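Novice: Protein sequence lines correspond, in order, to chains E and X.
Number 472 in the numbering used here belongs to position 471 of the first sequence; there are no gaps in the numbering.
Number 664 in the numbering used here belongs to position 80 of the second sequence; there are no gaps in the numbering.
Just so it is clear, CB atoms sit at the ideal spot from N, CA and C, and this is done for glycine as well.
Since the structure is predicted, the reported quantities are computational estimates derived from the model, not experimental observations.
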Amino acid sequence: MTERIPGAFHPFVIPFLAGMLFVLGYCLVGMVRVTLELPREDRRRFLLSLITPRTLWKNIKDIFLNCLIHVNLWKRNKNLGFMHSSIAFGWFMIILLGHIEVALFLPHRIRFFYYPIFFNFFVAEADATIKGSVMMFLMDFFLLIILIGIAMAMVKRIRSRWFGMRRTTRLSLLDSIGLYSLWAIFPLRLLAESFTAHISGGSFLTIPMNWLFHQFLTTEYHILPTWWAYSIALGVFMCVLPFTRYMHIPAEMLLIPMRNAGIRVRHPRKGFAKLEYYSCPGCGVCIDACPMSVKKENLKDCTVYLNRQLRRGNERRIAEISDKCLLCGKCTAVCQVGVEGPELRVAQRERRRYAIDPDYSTVRPEVKGGSKVLYFAGCMTHLTPSVKSALSSVLETAGVEFSTMDPDGGICCGRPLMMAGRKEAADALIEKNRELILGSGCDTLLLSCPICYRVFRDSYDLPGIRVVHHSVYMDELLREGRLKINRGYECYVYHDPCELGRGCGIYDQPRHLLASAGELVEAKKNRAESICCGGSLGSLSLSFEKRRDITLASLRNLTDTEADAVVTACPLCKSTYGRYSDDTPVMDIAEVMQHKILLYENHE
Amino acid sequence: MIPFGFSLSPSSVTDLDKVDTRRYRELLRLEPGAATCIGCGSCSATCTSSAWTGMSVRKVILGLQRGRDVEVDAMLRGCMLCGKCTMVCPRGINTRNLILAAMRISKEDGK
Ligand code: SF4
Ligand code: SF4
Ligand code: SF4
Ligand code: SF4
Ligand code: SF4
Chain E
2 MTERIPGAFH PFVIPFLAGM LFVLGYCLVG MVRVTLELPR EDRRRFLLSL
52 ITPRTLWKNI KDIFLNCLIH VNLWKRNKNL GFMHSSIAFG WFMIILLGHI
102 EVALFLPHRI RFFYYPIFFN FFVAEADATI KGSVMMFLMD FFLLIILIGI
152 AMAMVKRIRS RWFGMRRTTR LSLLDSIGLY SLWAIFPLRL LAESFTAHIS
202 GGSFLTIPMN WLFHQFLTTE YHILPTWWAY SIALGVFMCV LPFTRYMHIP
252 AEMLLIPMRN AGIRVRHPRK GFAKLEYYSC PGCGVCIDAC PMSVKKENLK
302 DCTVYLNRQL RRGNERRIAE ISDKCLLCGK CTAVCQVGVE GPELRVAQRE
352 RRRYAIDPDY STVRPEVKGG SKVLYFAGCM THLTPSVKSA LSSVLETAGV
402 EFSTMDPDGG ICCGRPLMMA GRKEAADALI EKNRELILGS GCDTLLLSCP
452 ICYRVFRDSY DLPGIRVVHH SVYMDELLRE GRLKINRGYE CYVYHDPCEL
502 GRGCGIYDQP RHLLASAGEL VEAKKNRAES ICCGGSLGSL SLSFEKRRDI
552 TLASLRNLTD TEADAVVTAC PLCKSTYGRY SDDTPVMDIA EVMQHKILLY
602 ENHE
Chain X
585 MIPFGFSLSP SSVTDLDKVD TRRYRELLRL EPGAATCIGC GSCSATCTSS
635 AWTGMSVRKV ILGLQRGRDV EVDAMLRGCM LCGKCTMVCP RGINTRNLIL
685 AAMRISKEDG K
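1. Would A125(E) pass as a contact of G133(E) if the rule is Cβ separation under 8 Å?
2. Does G676(X) get closer than 8 Å to chain E when you measure Cβ to Cβ?
3. Going straight from the alpha carbon of D141(E) to that of I131(E), what length do you get?
4. According to DSSP, what are the bridge partners of C574(E)?
5. Verify the contact flag: S633(X), CB atom, against every heavy atom of ligand 4, threshold strictly below 7 Å.
6. Rounded to a whole number of angstroms, what is the C-alpha to C-alpha distance between Y581(E) and L553(E)?
7. Output yes if chain E places a C-beta closer than 8 Å to the C-beta of D657(X); else output no.
8. Determine the extent of the beta strand (DSSP E) in which H11(E) is found, giving its start and end residues.
9. Determine the contact status of L611(X) and A686(X), defining contact as a CB-CB distance below 8 Å.
10. What ranges does the alpha helix (DSSP H) occupy inside the stretch 230 to 300 of chain E, keeping only unbroken runs of at least 4 residues that lie completely in it?
11. At 9 Å on the CB atoms, spell out the chain X contacts of Y361(E), in chain order.
12. Report the rounded CA-to-CA distance for D407(E) versus L276(E), giving the unit in angstroms.
13. If we call anything under 8 Å between Cβ atoms a contact, is R46(E) one with A198(E)?
14. Can you check whether the C-beta of L612(X) is within less than 8 Å of a C-beta belonging to chain E?
15. Quick check: A154(E) and M248(E), are their CB atoms within less than 8 Å of each other?
16. Considering E477(E), what are the terminal residues of the alpha helix (DSSP H) in which it resides?
17. Would you give the residue range spanned by the beta strand (DSSP E) that F377(E) belongs to?
18. Answer yes if the stretch 530 to 540 of chain E comes into contact with the stretch 289 to 296 of chain E, meaning at least three C-beta pairs across the two stretches below 8 Å, and no otherwise.
19. Under a Cβ-count criterion, where at least 16 other Cβ atoms within 10 Å of its own Cβ denotes burial, should H215(E) be classed as buried or exposed?
20. Under a Cβ-count criterion, where at least 16 other Cβ atoms within 10 Å of its own Cβ denotes burial, should S596(X) be classed as buried or exposed?
21. Reducing DSSP to helix, strand and coil, say where R675(X) ends up.
22. Does the Cβ of F238(E) have 16 or more other Cβ atoms within 10 Å, making it buried, or fewer, making it exposed?
23. Residues of chain C with CB closer than 7 Å to the CB of F545(E), please, in chain order.
24. Interface residues of chain X around I61(E) at Cβ under 9 Å?
25. If you drop the 5 nearest sequence neighbours on each side, which residues of the same chain put their C-beta closer than 8 Å to that of R77(E)?
26. Which of the three DSSP states, helix, strand or coil, is assigned to V587(E)?
27. Going by beta-carbon coordinates alone, are V644(X) and V656(X) separated by less than 8 Å?
28. Report back the beta-carbon spacing between C492(E) and V522(E) to the nearest angstrom; my notes put them in contact at under 8 Å.
29. Check whether the Cβ of I598(E) lies closer than 8 Å to any Cβ atom in chain X.
30. Tell me whether the beta-carbon of L311(E) lies closer than 8 Å to the beta-carbon of S540(E).
31. So T569(E) packs on T585(E), CB below 8 Å; how close in whole Å?
32. If we count Cβ pairs, one from each stretch, closer than 8 Å, do we get three or more for the stretch 505 to 515 of chain E versus the stretch 456 to 476 of chain E?
33. Could you tell me whether the stretch 592 to 600 of chain E touches the stretch 594 to 608 of chain X, using the rule of 3 or more Cβ pairs below 8 Å?
34. Taking CB distances under 8 Å as the criterion, tell me whether D589(E) reaches chain X.
35. Does any C-beta atom of chain X lie closer than 8 Å to the C-beta of V364(E)?
36. Taking 8 Å as the cut-off, decide whether the C-beta atoms of D462(E) and K373(E) are in contact.
What follows is the structure, encoded as structure tokens:
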């Protein structure tokens, strides 16, 4: 091993060097700015988490698994996972191995940080020793892996279906420049290293290529141009990176530790929110997932476009996209980065100023308590009285003594206001309900509406009171033997309501209930990927007609199973589906239980 | 004046030729569905808030058409956005959007 170039410098490294310094400086400033934009207590929390060994280890592990290996993409589609991790992990290994090479053979050169990147240009006979040839082999190996990944990325542009995607995003001009320069980097590296392989040495890729070129080219004339081209491709990529979707690479590296520290979206554009929308690589997985995308006109309202418009600061589109979304949370469930589309949108809605603010000072609901179990039906259950009566009769059968908090209609739980971005008004209602509940002397608050359940569970301060959804409560009654039913031959398909499933993580108890009542079949899209019924209160601007196609598509997912009944655990889903389901009855899980109890009692 | 124990109430007649309907027209721009209301009153009957605040989407639409901004604003303040009115409206009007839009355009903007 010898150094071929005295002084260890050649002008061709300048484009790379400029790009590198620019991107490093840019990211560093960006990181500091985002951290400074956090509210004070969040910043403290974040900085503390960085010096806590447990979170530190978790950060390293998560960054490795998410940014380099892309585990979440592997789970979605093997081809997609391989494509991304081959490029990311391969590139990382080439950089790492480059540094190891320099550290092993020319340790005094390690401080030139272009040296490991262009190692093969500066040295001669690097493969003369065993150690050297092993390193050369590894370099060629990972280069090959990356090249396969790049080839797959090219195929994906034409045949996205092979990667499990029906729709991909359209690229902007800068994104295209970034993409093509990224694609160019590795083939150019292969060429450059091949042309110098007879001097620097090489391995199974570069040496045969060098031999081949020797047959018809004078390789010496090609050495410099290709190294220049390689360096320019790197420089261009790094210079445009901050203005393209590739900004997701550095952004995600900061997003992961912040999320691990428990930081949440607090401001529509600053701090964590900014990090989230910059962390989106625009993979487009959320387009197919979004229930709104059954209509072509809604395609550009998915989270990937929200992120893009937030980066561009297009206020008109941001408002439009934010108001349309159902807040069903499915985009977050499928997103590899975990961009919280619904939270980002609610934060935008909170920015809006109104001429008139709510005032509930005349609203004085009364408490109708007395029992240990307090049942809050909520607005939507009042609109579907069969749910309320079914649950009441189930509770009576089980011998549960309960009182209804709002027998003649109470006030709203506050979640719809919260979703509309009117947080102060929501807090006023929350405080009113909270006083009622605390004053009632109950120890269990029972809800039959997942929308209510979520807000009572997450946003109410109710010390000593258990907040429980009726599906979970009935499941407990069944397991304790307080409810008796016979398993029948009916075939049920269960719809996971967004707020109960993705919102609160309750998937199994309703399924257990149904499996005890009859045969439970699963829809193609279920659990975390269940499709919103389209009735969600989350959307502000979707009109009745525009929701119809969403509901029909979601219903089809359920009725394709040819089940005898569609069962849900949310009064809003029930009435939304009920409107369009002509052949298959739509039932609340409490109605199924009531029916089975009646059958059992008649049979005895 | 001799106290009779009662008085004449002011006339509640609205002269439609003199009403300033700019706020209503602005509402129609933001939520065109408002024009399709048939005044059936389903929304009022089901309203979560009406018992305490007198809120009624039907009356809000009517009030804006007649320029009765003070009454409208008082009603709007009581809405909890629960969405029951949307669920029952036979014309499928997006009443929540209507309410939010009406809250956005104040009397000053309309004028
Ligand atoms: S939001 Fe998530 S799923 Fe959607 S494009 Fe961005 S990274 Fe992909
Ligand atoms: S929350 Fe649901 S409706 Fe909204 S963008 Fe995400 S997937 Fe689409
Ligand atoms: S969340 Fe919906 S269903 Fe629950 S109480 Fe409020 S409005 Fe009613
Ligand atoms: S959204 Fe407002 S107006 Fe409509 S029912 Fe609820 S409280 Fe009444
Ligand atoms: S329910 Fe609909 S159509 Fe009937 S009065 Fe209310 S807004 Fe108008």
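Specialist: Straight from the coordinates:
1. The residue labelled residue 125(E) in the question sits at position 124 within the first sequence. The residue labelled residue 133(E) in the question sits at position 132 within the first sequence. Against a cut-off of 8 Å, the Cβ pair of G133(E) and A125(E) comes out as no contact.
2. Your numbering for residue 676(X) matches position 92 in the second sequence. It does: the Cβ of G676(X) has a partner Cβ on chain E nearer than 8 Å.
3. Locating residue 141(E) in the first sequence gives position 140, counting from the first residue. Locating residue 131(E) in the first sequence gives position 130, counting from the first residue. Between D141(E) and I131(E), the C-alpha separation is close to 15 Å.
4. Translated into positions along the first sequence, residue 574(E) becomes position 573. Per DSSP, none; premise fails for C574(E).
5. Looking up residue 633(X) in the second sequence gives position 49. Indeed, a heavy atom of ligand 4 lies less than 7 Å from the Cβ.
6. On the first sequence, residue 581(E) is found 580 positions in, with the first residue counted as 1. On the first sequence, residue 553(E) is found 552 positions in, with the first residue counted as 1. Cα to Cα, the separation comes out at about 7 Å.
7. Within the second sequence, numbered from 1, the residue matching residue 657(X) stands at position 73. Yes, its Cβ sits closer than 8 Å to a Cβ of chain E.
8. Within the first sequence, the letter at position 10 stands for residue 11(E). Element bounds for H11(E): n/a, residue is neither H nor E.
9. Your numbering for residue 611(X) matches position 27 in the second sequence. Your numbering for residue 686(X) matches position 102 in the second sequence. In this structure, A686(X) lies closer than 8 Å to L611(X) by Cβ.
10. Taking only runs of at least 4 residues, the alpha helix (DSSP H) segments lying wholly in the stretch 230 to 300 of chain E are 249 to 261, 273 to 279, 286 to 290.
11. Within the first sequence, residue 361(E) is the residue found at index 360, counting from 1. Within 9 Å Cβ-Cβ: S633, W636, T637, R661, G662, M664.
12. Residue numbering aside, residue 407(E) sits at position 406 when the first sequence is read from its first letter. Residue numbering aside, residue 276(E) sits at position 275 when the first sequence is read from its first letter. Roughly 43 Å between the two C-alpha positions.
13. As a first step, residue 46(E) must be located in the first sequence, where it is residue number 45. As a first step, residue 198(E) must be located in the first sequence, where it is residue number 197. R46(E) is not a Cβ neighbour of A198(E), given a cutoff of 8 Å.
14. Walking along the second sequence from the start, residue 612(X) turns up at place 28. By this cut-off, L612(X) is not an interface position.
15. Residue 154(E) sits at position 153 when you count from the first residue of the first sequence. Residue 248(E) sits at position 247 when you count from the first residue of the first sequence. Not closer than 8 Å, so no.
16. Here residue 477(E) refers to the residue found at position 476 of the first sequence. E477(E) -> alpha helix (DSSP H) spans 471 to 480.
17. Reading the first sequence from its first residue, position 376 is the one you call residue 377(E). Start and end: 374 to 377.
18. yes
19. Position 214 of the first sequence, counted from the first residue, corresponds to residue 215(E). Around the beta carbon of H215(E), a 10 Å sphere encloses fewer than 16 other beta carbons of the protein chains shown; the residue is thus reported as exposed.
20. Here residue 596(X) is taken as the residue at index 12 of the second sequence, counted from 1. S596(X) should be labelled exposed.
21. Counted from its first residue, the second sequence places residue 675(X) at position 91. Coil at R675(X), not helix or strand.
22. In the first sequence, residue 238(E) corresponds to position 237, counting from 1. Buried, since its Cβ has 16 or more Cβ neighbours within 10 Å.
23. Reference to chain C is not applicable here, since the protein chains of this structure are E and X.
24. Sequence index remark: in the first sequence, residue 61(E) carries index 60 (1-based). Result: empty, since nearest Cβ-Cβ is about 44 Å, beyond 9 Å.
25. Here residue 77(E) refers to the residue found at position 76 of the first sequence. So the qualifying residues of the chain are G165, V286, V335, Q337.
26. Along the first sequence, read from residue 1 onward, the residue named residue 587(E) stands at position 586. The answer is strand: DSSP assigns V587(E) an E or B state.
27. As a working mapping, residue 644(X) is identified with position 60 in the second sequence. As a working mapping, residue 656(X) is identified with position 72 in the second sequence. Yes, they are a contact pair.
28. Counting from 1 along the first sequence, the entry for residue 492(E) is found at position 491. Counting from 1 along the first sequence, the entry for residue 522(E) is found at position 521. The pair is a contact, with the Cβ atoms about 6 Å apart (cut-off 8 Å).
29. Taking the first residue of the first sequence as 1, we reach residue 598(E) at position 597. Not closer than 8 Å to any Cβ of chain X, the Cβ of I598(E) fails to qualify, so no.
30. Residue mapping note: residue 311(E) aligns to position 310 of the first sequence, counting from 1. Residue mapping note: residue 540(E) aligns to position 539 of the first sequence, counting from 1. When the beta-carbon positions are compared, L311(E) and S540(E) stay at least 8 Å from each other.
31. Counting from one through the first sequence, the residue named residue 569(E) turns up at place 568. Counting from one through the first sequence, the residue named residue 585(E) turns up at place 584. Not a contact, Cβ separation roughly 12 Å.
32. With the cut-off at 8 Å, the stretch 505 to 515 of chain E and the stretch 456 to 476 of chain E touch.
33. Too few Cβ pairs lie closer than 8 Å, so no.
34. Within the first sequence, residue 589(E) is the residue found at index 588, counting from 1. So no, D589(E) is outside the interface.
35. Counted from its first residue, the first sequence places residue 364(E) at position 363. So, interface residue.
36. In the first sequence, counting from the first residue as 1, residue 462(E) sits at position 461. In the first sequence, counting from the first residue as 1, residue 373(E) sits at position 372. For D462(E) and K373(E), no; Cβs fall outside 8 Å.
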